[in-house]
Amino acid sequence: EPAVPSTLTQCEVTADGAMRARPILEVSADEVLLLRGAAGGTRDERDLATLMRVAVALTSVQDLALIDAALAGLILDLVPVQRVVFTERGNGPSAVRSAWVAGAGPVASGIDRDLLERVSRDRLAVLIEFEGRQAIVAPMMAFGRSTGSVWAETSPGQRLDAGHVRLLLV
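Sequence positions in the sequence shown follow my numbering and run 5 to 174.
Given below as structure tokens:
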């Protein structure tokens with residue numbers, strides 16, 4: 005059983021339909037899902053809008069088999085990358101679970117298994133450079149543990165920055 009922080013105290017609440025609360029703002033989940041990174045605003049505002057889309061999209065997926073496709077599409081919208089690879093961690097070394105490419109990208113290409121293992125084991129995101137490309141390699145976390153990694157790779161000459169790394173890690 006998780007420890008409750010000392011600054012919290014449990015309290016009693018009753019649900020009452022006669023409260024007469026007045027809505028000030030309403031935002032539908034569908035509206036957030038369709039908001040594809042508004043062109044205006046700061047990068048932080050655009051990133052927040054995209055993260056809201058991620059949350060709505062992932063909670064809307066009805067079939068676990070579709071989760072990789074949903075995640076890949078969101079990552080391709082979120083970060084300027086061309087290819088996304090998901091690996092899973094079992095009892096052995098990391099294995100490729102699925103790979104996705106935007107447009108007419110490379111059909112087959114390698115990834116660094118040792119780096120994937122390190123990222124997953126140490127729970128950290130890394131920005132790498134190889135063959136004129138960059139990639140963010142980050143752990144996929146569930147229930148406080150790493151379940152695998154994501155490899156998000158740019159097209160040749162495209163650049164990523166620390167903001168992209170942090171965003172993908174979230």
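All C-beta atoms in this analysis are idealised placements derived from N, C-alpha and C, irrespective of residue type, glycine included.
Exercise for the section: Measure the alpha-carbon distance for Ile132 versus Ala99 and round it to whole angstroms. Expected result: 20 Å
Handout entry: DSSP three-state assignment for Thr63, whether helix, strand or coil
Key = helix
Handout entry: Run of the alpha helix (DSSP H) containing Ser124, from where it starts to where it stops
Key = 117–126
Practice task
Please indicate yes or no: does the CB of Gly136 lie closer than 7 Å to some heavy atom of the ligand NAD?
Solution key: As far as ligands go, the structure on display features none, and thus does not contain the ligand NAD.
Practice task
Could you please give the first and the last residue of the uninterrupted beta strand (DSSP E) stretch that includes Leu131?
Solution key: 130–134
Exercise for the section: May I ask you to list the residues that DSSP assigns as paired with Thr91? Expected result: Val100, Ser153
Problem - According to DSSP, residues forming a beta bridge with Met145 - result: Ser150
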